[in-house]
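If you're matching them up, the sequences are chains P and R in order. Here the first sequence is numbered in my numbering, starting from 1 and rising by one per residue. Here the second sequence is numbered in my numbering, starting from 1001 and rising by one per residue. Don't be surprised by glycine CBs; every beta carbon is placed ideally from N, CA and C. Accompanying notes for the structure given below.
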Amino acid sequence: MTFDNLYGRLPVVCRPLPVTRRMLLAGAAAGAASLWSPRGASAQTRIDVTQGTVKPMPIALPDFVGGTPNDGEVGRNVTQVITANLKRSGLFAPIDQAAYIERISNIDTAPRFPEWRTIAAQALVTGRITRQSDGRLKTEFRLWDIATTEQLIGQQYFTVADNWRRIAHIISDAVYQRLTGEKGYFDSRVVFVDESGPKNQRVKRLAIMDQDGANVRYLTRGDDLVVTPRFSPSTQEITYMSYGGREPRVFLLNIETLQREVVGNFPNMSFSPRFSPDGQRVIMSLQQGSNSNLYVLDLRSKAMTRLTETPAIDTAPSYSPDSARICFESDRGGTQQIYVMAATGGAAQRISFGEGRYSTPVWSPRGDYIAFTKQGGGSFGIGIMKPDGSGERILTEGFHNEGPTFAPNGRVIMFFRDPGGSAGPSLFTVDISGRNEQKVPTPGFASDPAWSPLLS
Amino acid sequence: MKFKLPEMKTGLAISALVHAALLLWGLISFAAKPLEAKPSDALPVDIISDKQFSQMTRGVKNAPKDAKPAPLVEKVGTPNPVDDSTAKVTPKKELDATRAEVQPPPPTPEQKPSPAEAKPEKKPEPKVDPIAETLKKEEAKKKAEERAAKAKAEKLEREKKQAQAYDPTKIAALLDKRDAQRHAAAGDHLSMTPGLGKSQGTASVLSQSELDAMRRALRDCWTIPEGAVNASKLVVVIRVLFKRDGSVAAPPVLVQAPASSPYGPAMAESAKRAILTCQPFKMLRQETYELWKDIEITFDPKDMFGG
């Protein structure tokens, strides 16, 4: 092929430029492709939300439906117990039933979510109770998330008819755990010292009740002065100290059978025994002369091990949930302070350094806090601090607040407050954030509470 | 290398010579007069992130309000000056009055000078008649007075006119009818709202203030499970697709789950619940839909009281 050009014909052999047209097309295609290619890295729009509000979650609890017309009352009672539990926890705000638009009559169909959304409910609990032919109660319940229109829980329980309260507590725990991520604490009991009579002649009896104040039962008759009851992790036994007779003794009481045995017949005064988390050992302090030291008693072998040997008063010991350490109160440094030590004994570290006297330390079942009573400046306060002593926070202050005990999930603390004067002490609960202080209803005056682990 | 084609020898030679000459010329001329770049003023440049920019231009919520927010100059149409018939009547009346006042006096002095005028007319002598002069003077005075009265009346009339022209709504008629050359701070249309701590004027880009408003709304809607506050470092990232009206198009998707912890699922659920409860997000504008139809939201309670 020859090319004609300006200079005339050149006898030059030139290969045609390979497919100019193809190249043109390719170039055009490339250009078009570059136009169509996804715009590189059109940045994904992102926002950060770094703050929220901590407020009770609005929840709707219509009465549990009765499977048969007779079961309506039980259903209502169960709903009332659940509502009271959730409200008392401070994390939920049950909506008044008068505001509900939809009437739940059949829990097997999905609720009409827009109607629940209108009243600003974020969760809905529906349930049904049916009395079976053998006398047992069958309880079914569902937990709905209104925003995502999903069912979160659907369960059923069978129980003896008298146990309807426990079912209500178990359902409360399930709802609480699903919505907050925390284990619940409603299905538990509290043992305390019930006080009655005039102040100079107080009759003190051991009593046990549900954590909401119901089902109160007396465990001792009141002949002896009883103090500091403590629950065993197996939940069926209590240790306490009794001043019956000449010497104070530590007793072990079985709640079901009400049988009691003496843990040890110690010639010395002993204080505040507590169980180890595995329930096999009891730790206590024994007084010798003017000082007291910590001892561990193995319940099976009845062997005693001495933990401290200081010429100071070491008392009120409490195990950590992993049984590896104990915290106790000691005045070896001059005033009462809190120390942490390995459970087998050894060197103790002081962890309380504030102004005032620290006493009655209790380790949280979650292991993240130690609660204590702090005395100073004329008032008593209940506070918490981390096991290394940092993050000290006083939750409540008053004339005489004492004796903190943790709920099974470590979120709520119960203590007793004595307002002084002619009135007697009462039980109170407070959240570990310091909020939501509530009075616990008791038949008379009450002190020295101890919270059981979860029953279920 | 041998060049086989003899024709190329001359061409080659010429080409080489010219190239060499060019290079030489270039070398010499550029060496003699080196071109220097003028040093320009250095501009200080700050590279900031979007977050910093929106923080800078945040504005203050409790900034003092203008008592009467001045509206931006708008290009107002040219309404015809309204004929205010009621306003004009009174000056007319007054004018009539002054005219009426003026008119009676002139006839009387006119009567007087007319016989006086008649006399000098009859006697076209350039005699300076003192009486005629005085009469003339009087006449002149009267005329002057008359003129003054007229002038006064006219003045009054004018003032009245001006007074009514001072009516602020009529200023538009007096305004320059050209296109307004002043424009709003930014954007493709005029801002109608007086600003109170607004971070920016409306812009045609997804402004940071919109995202800030969305963030604030989510903050109010997000109920944090309390246990999670104490267990910090629970970060949840959720991806949401939106419809044009600001509502959620599909269930939010968990992009990054929180670290394994008993509070993790509750945190993730609370974040999803926050998005679903807060919809529709009315603060997002239609014009920027392409930019906010797909958002990744990170929920991190680090600014809460981390127990």
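Using the C-alpha atoms, what's the distance from residue j back to residue i?
i                       : j                       : result
residue 324 of chain P  : residue 342 of chain P  : 6 Å
residue 1285 of chain R : residue 1212 of chain R : 13 Å
residue 306 of chain P  : residue 455 of chain P  : 32 Å
residue 85 of chain P   : residue 100 of chain P  : 20 Å
residue 301 of chain P  : residue 407 of chain P  : 30 Å
residue 51 of chain P   : residue 448 of chain P  : 39 Å
residue 95 of chain P   : residue 425 of chain P  : 33 Å
residue 1288 of chain R : residue 1278 of chain R : 20 Å
residue 309 of chain P  : residue 210 of chain P  : 40 Å
residue 365 of chain P  : residue 229 of chain P  : 17 Å
residue 432 of chain P  : residue 410 of chain P  : 8 Å
residue 1218 of chain R : residue 55 of chain P   : 14 Å
residue 1302 of chain R : residue 1233 of chain R : 7 Å
residue 337 of chain P  : residue 284 of chain P  : 17 Å
residue 1281 of chain R : residue 124 of chain P  : 25 Å
residue 225 of chain P  : residue 242 of chain P  : 6 Å
residue 147 of chain P  : residue 435 of chain P  : 28 Å
residue 151 of chain P  : residue 108 of chain P  : 11 Å
residue 350 of chain P  : residue 340 of chain P  : 6 Å
Spell out whether any CB of chain R is found under 8 Å from the CB atom of residue i.
i                      : result
residue 53 of chain P  : yes
residue 48 of chain P  : yes
residue 179 of chain P : yes
residue 57 of chain P  : yes
residue 407 of chain P : no
residue 44 of chain P  : yes
residue 7 of chain P   : At residue 7 of chain P, the pLDDT of 48 sits below 50, so the modelled position is not reliable; the number obtained from the coordinates is stated separately. Cβ-Cβ to chain R under 8 Å: no for residue 7 of chain P.
residue 148 of chain P : yes
residue 122 of chain P : yes
One question on the structure: do residue i and residue j come within less than 8 Å of each other, judged by their Cβ atoms?
i                       : j                       : result
residue 457 of chain P  : residue 127 of chain P  : An answer regarding residue 457 of chain P cannot be provided, because it is not within the stretch 1 to 456 covered by chain P.
residue 289 of chain P  : residue 234 of chain P  : no
residue 367 of chain P  : residue 195 of chain P  : no
residue 231 of chain P  : residue 450 of chain P  : yes
residue 392 of chain P  : residue 361 of chain P  : no
residue 71 of chain P   : residue 131 of chain P  : yes
residue 297 of chain P  : residue 282 of chain P  : yes
residue 218 of chain P  : residue 227 of chain P  : no
residue 53 of chain P   : residue 1223 of chain R : yes
residue 1254 of chain R : residue 1293 of chain R : no
residue 236 of chain P  : residue 256 of chain P  : yes
Are any of the Cβ atoms in chain P nearer than 8 Å to that of residue i?
i                       : result
residue 1296 of chain R : yes
residue 1053 of chain R : no
residue 1299 of chain R : yes
residue 1302 of chain R : yes
residue 1277 of chain R : yes
residue 1263 of chain R : yes
For a test of the three-state rule: what should DSSP assign to residue i, helix, strand or coil?
i                       : result
residue 175 of chain P  : helix
residue 1020 of chain R : helix
residue 1283 of chain R : coil
residue 332 of chain P  : coil
residue 339 of chain P  : strand
residue 293 of chain P  : strand
residue 1298 of chain R : strand
residue 232 of chain P  : coil
residue 200 of chain P  : helix
residue 118 of chain P  : helix
residue 222 of chain P  : coil
residue 1235 of chain R : coil
residue 254 of chain P  : strand
residue 1277 of chain R : helix
residue 285 of chain P  : strand
Answer with buried or exposed for residue i, where buried requires no fewer than 16 other C-beta atoms within 10 angstroms of its C-beta.
i                       : result
residue 401 of chain P  : buried
residue 169 of chain P  : buried
residue 1011 of chain R : exposed
residue 355 of chain P  : exposed
residue 1049 of chain R : exposed
residue 421 of chain P  : exposed
residue 1300 of chain R : buried
residue 187 of chain P  : buried
residue 374 of chain P  : buried
residue 390 of chain P  : exposed
Run the proximity test for residue i: is its beta-carbon closer than 7 Å to any non-hydrogen atom belonging to the ligand FAD?
i                     : result
residue 56 of chain P : Within the structure as shown, the ligand FAD is missing, as the structure has no ligands at all.
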